[in-house]
Ligand SMILES: Cc1ncc(COP(=O)(O)O)c(C=O)c1O
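Numbering (the numbering used here), first residue to last: 56 to 484.
Shown next as structure tokens:
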């Protein structure tokens, strides 16, 4: 196809999306797309910028930052400009990994520098991180003579939805587990934030433990200070690996570049899973990091995917990581997090419906008392007013706004939160 024809057709494609009515969008989604998600909002999002999502009639504050994929806000200009130039340069967007790619080289160096690990294994999106980490841990374990490697995981964890990983869902999460068995062998569940439970679960086949340094989907559960460091110490002493899944907590979300860093260098894991904001929300990018002593176990042919680390993903991620540094995102999360924390505590004091506010940096969970409407009710109320906060495990509302949101924008949402939690209706139900 020549460029002129492509330009005309592209315009038509863009116009088609822009002109699709809300009614038709919903009808097409309903008739052609698997219904594995239910809709909270019924207004199609046509545009997004910073913390804002624009529908035909209004703007909505994205209080979950697309599940922390948009820590940099939507459409960060540095990523957008880099991406435009990348496309104009006619660099290949995808390439067999048997060809050297400068973008993967640059992304690889940057992600290693920012995390402090020696090697990076690229992947597509979040769940491929835990999946690869478990494979690496098993391979390592076999080399140690642990012939039936066992992976420990925590209750209330969330690591994604492949078959291997989805089995780790809490039993309460019926929809996620129901009817998908039989499950892969070699996994054992233990209580989160309980070192004794880990010790009790150990045996000669324990290969690794996988944990989120703060549980996101599980309800913003923050472990006791020292838990992560103690896990690493135990792993060293008992010869098992520690995997931290920072797909959600990474890239400044909790007020450090990674949540384990709150506990100092001794809390550095053997394998780190990354995803979400590594691409600034522009593409599904993820992967794992480890030192060479472990990563060398992934030799040619042992693991990989067509798009993992492809040039366009690598270019996007390289730009996003540059933006995370240039924005001073860690410092922003610390400063703004402090302010949001104070305000949420004030709101909690005024509302009998809030049992507890917990979190770190810019990652907050508002736990409700169970004597009134649940989290979904408050999500719906907040959406009516112009903000998205999403419920999890029925009684916790997650608030993880884009870290670049200004103080004024955050105050706007905090006022809405105050409004729904102190309105008479919040108590009357
Ligand atoms: C801690 C954690 N790990 C893994 C995943 C899976 O990421 P994705 O949905 O991009 O596959 C998520 C998603 O929310 C997550 O929170």
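Note that CB positions come from ideal geometry on N, CA and C, so glycine has one too.
- [ ] Leaving out five residues on either side along the sequence, give the residues of the same chain with a beta carbon under 6 Å from the beta carbon of residue 318.
- [x] Along the chain shown, one-based indexing puts residue 318 at 263. Counting only Cβ-Cβ distances below 6 Å, and skipping sequence neighbours, we find 283 and 284.
Open item on the list: In the DSSP assignment, the alpha helix (DSSP H) including residue 195 goes from what residue to what residue?
Closed with: For this step, residue 195 is matched to residue 140 along the chain shown. Taken as a continuous stretch (DSSP letters only), the alpha helix (DSSP H) holding residue 195 covers 183 to 198.
- [ ] Please work out which residues of its chain come closer than 8 Å, Cβ to Cβ, to residue 329, disregarding the five sequence neighbours upstream and downstream, and give them in chain order.
- [x] Here residue 329 refers to the residue found at position 274 of the chain shown. Taken in chain order, the residues that qualify are 166, 170, 184, 301, 302, 305, 306, 341, 342, 343 and 344.
Open item on the list: Checking the sheet assignment: what are the DSSP bridge partners for residue 270?
Closed with: For the purposes of this step, residue 270 is identified with residue 215 of the chain shown, where counting begins at 1. DSSP, once it has assigned bridges, lists 276 as partnering residue 270.
Open item on the list: If you follow the beta strand (DSSP E) that residue 174 is in, where does it begin and where does it stop?
Closed with: Start at 1 with the first residue of the chain shown, and residue 174 comes out as number 119. Unbroken beta strand (DSSP E) run through residue 174: 174 to 178.
Open item on the list: Can you find the residues in the same chain that come closer than 8 Å, C-beta to C-beta, to residue 129, ignoring five residues on each side of it along the sequence?
Closed with: As a working mapping, residue 129 is identified with position 74 in the chain shown. So the qualifying residues of the chain are 103, 104, 105, 106, 107, 108, 117, 121, 336 and 457.
Task: Any non-hydrogen atom of ligand 1 closer than 7 Å to residue 331 Cβ - done: Position 276 of the chain shown holds residue 331. Checking every heavy atom of ligand 1 against the Cβ of residue 331, one is found closer than 7 Å.
Task: 4-residue-minimum alpha helix (DSSP H) runs that sit fully inside the region 107 to 140, ordered along the chain - done: 120 to 123
TODO: Starting from the Cα of residue 225, find the closest Cα among 260, 111 and 245 and give me that residue.
DONE: As a working note, residue 225 is residue 170 in the chain shown. Closest by alpha carbon: 245.
TODO: Might you give, ordered along the chain, the residues of its own chain that have their beta carbon closer than 8 Å to the beta carbon of residue 495, omitting 5 neighbours on each side?
DONE: Any answer about residue 495 is impossible in this case: the structure gives the chain only from 56 up to 484.
Open item on the list: For the alpha helix (DSSP H) containing residue 66, name the first residue and the last one.
Closed with: By 1-based counting over the chain shown, the position of residue 66 is 11. Its alpha helix (DSSP H) spans residues 58 to 74.
Open item on the list: Please classify residue 68 as buried or exposed, where buried requires at least 16 neighbouring CB atoms within 10 angstroms.
Closed with: If you number the chain shown from 1, residue 68 lands on position 13. Classification for residue 68: exposed.
Open item on the list: Which residue marks the beginning of the beta strand (DSSP E) containing residue 154, and which one marks its end?
Closed with: The residue given as residue 154 occupies position 99 in the chain shown. Careful: residue 154 lies outside any beta strand (DSSP E) and carries neither H nor E.
- [ ] Output yes or no for whether 8 Å exceeds the beta carbon distance between residue 137 and residue 374.
- [x] The count along the chain shown starts at 1 and reaches residue 137 at position 82. The count along the chain shown starts at 1 and reaches residue 374 at position 319. Result yes, Cβ atoms of residue 137 and residue 374 sit closer than 8 Å.
- [ ] Please report the residue range of the alpha helix (DSSP H) in which residue 572 lies.
- [x] Absent from the model: residue 572. The displayed extent of the chain is 56 to 484, so no value can be given.
Open item on the list: The beta strand (DSSP E) that contains residue 205, what's its start and end?
Closed with: As a position in the chain shown, residue 205 is number 150, starting the count at 1. Run containing residue 205: 205 to 209, per the beta strand (DSSP E) assignment.
Task: Rounded separation between residue 471 and residue 66 - CA only - done: Stepping through the chain shown from its first residue, residue 471 is reached at position 416. Stepping through the chain shown from its first residue, residue 66 is reached at position 11. Approximately 39 Å, taken between the alpha carbons.
- [ ] Return the chain-ordered list of same chain residues with a C-beta closer than 6 Å to the C-beta of residue 483, the five sequence neighbours on each side being excluded.
- [x] Position 428 of the chain shown holds residue 483. Residue confidence is low: residue 483 scores 43 on pLDDT, short of 50, so the model does not pin down where it sits. No coordinate-derived value is stated.
Task: Proximal residues to residue 399 (C-beta, below 8 Å), its chain only, five neighbours per side dropped - done: Taking the first residue of the chain shown as 1, we reach residue 399 at position 344. Hits under 8 Å: 412, 419, 421, 454, 469 and 472.
Task: Alpha carbon of residue 376 to alpha carbon of residue 357, nearest angstrom - done: Locating residue 376 in the chain shown gives position 321, counting from the first residue. Locating residue 357 in the chain shown gives position 302, counting from the first residue. Rounded to whole angstroms, residue 376 to residue 357 spans 28 Å at the Cα level.
- [ ] State yes or no: is the C-beta of residue 92 nearer than 7 Å to some heavy atom of ligand 1?
- [x] Counting from 1 along the chain shown, the entry for residue 92 is found at position 37. The answer is no for residue 92.
Task: Residue range of the beta strand (DSSP E) that includes residue 328 - done: On the chain shown, position 273 is the one that residue 328 refers to. Unbroken beta strand (DSSP E) run through residue 328: 326 to 329.
Open item on the list: Going by DSSP in three states, residue 480 sits in which element: helix, strand or coil?
Closed with: Translated into the one-based positions of the chain shown, residue 480 becomes position 425. Unreliable positioning characterises residue 480 in this predicted model, as indicated by a pLDDT of 48, which lies under 50. The coordinate reading is nonetheless provided below. Reduced to three states, the DSSP call for residue 480 is helix.
TODO: Write down every uninterrupted run of the alpha helix (DSSP H) in the region 311 to 350 whose length is 4 residues or greater and which is fully enclosed by it, in chain order.
DONE: 347 to 350
- [ ] Indicate the three-state DSSP secondary structure (helix, strand or coil) for residue 263 in the structure shown.
- [x] Counting from 1 along the chain shown, the entry for residue 263 is found at position 208. The answer is strand: DSSP assigns residue 263 an E or B state.
TODO: May I ask which residues mark the beginning and end of the beta strand (DSSP E) holding residue 32?
DONE: Nothing can be reported for residue 32, as the shown portion of the chain is limited to 56 through 484.
- [ ] Could you please give me the residues that DSSP links to residue 453 through a beta bridge?
- [x] For the purposes of this step, residue 453 is identified with residue 398 of the chain shown, where counting begins at 1. BP columns for residue 453 point to 420 and 445.
Open item on the list: Considering only the alpha carbon of each residue, which of 157, 396 and 361 lies closest to residue 369?
Closed with: In the chain shown, counting from the first residue as 1, residue 369 sits at position 314. Looking at the Cα atoms, 157 is the closest of the given residues.
Open item on the list: Under DSSP, the beta strand (DSSP E) around residue 243 begins and ends at which residues?
Closed with: Numbered from 1 along the chain shown, position 188 holds the residue referred to as residue 243. Start and end: 242 to 245.
Task: Whether residue 327 touches residue 191 by CB criterion (8 Å) - done: Translated into the one-based positions of the chain shown, residue 327 becomes position 272. Translated into the one-based positions of the chain shown, residue 191 becomes position 136. In this structure, residue 191 does not lie closer than 8 Å to residue 327 by Cβ.
Task: Exposed unless 16 or more other CB atoms sit within 10 angstroms - verdict on residue 280 - done: Working through the chain shown from its first residue, we reach residue 280 at position 225. By the 10 Å Cβ count, residue 280 comes out exposed.
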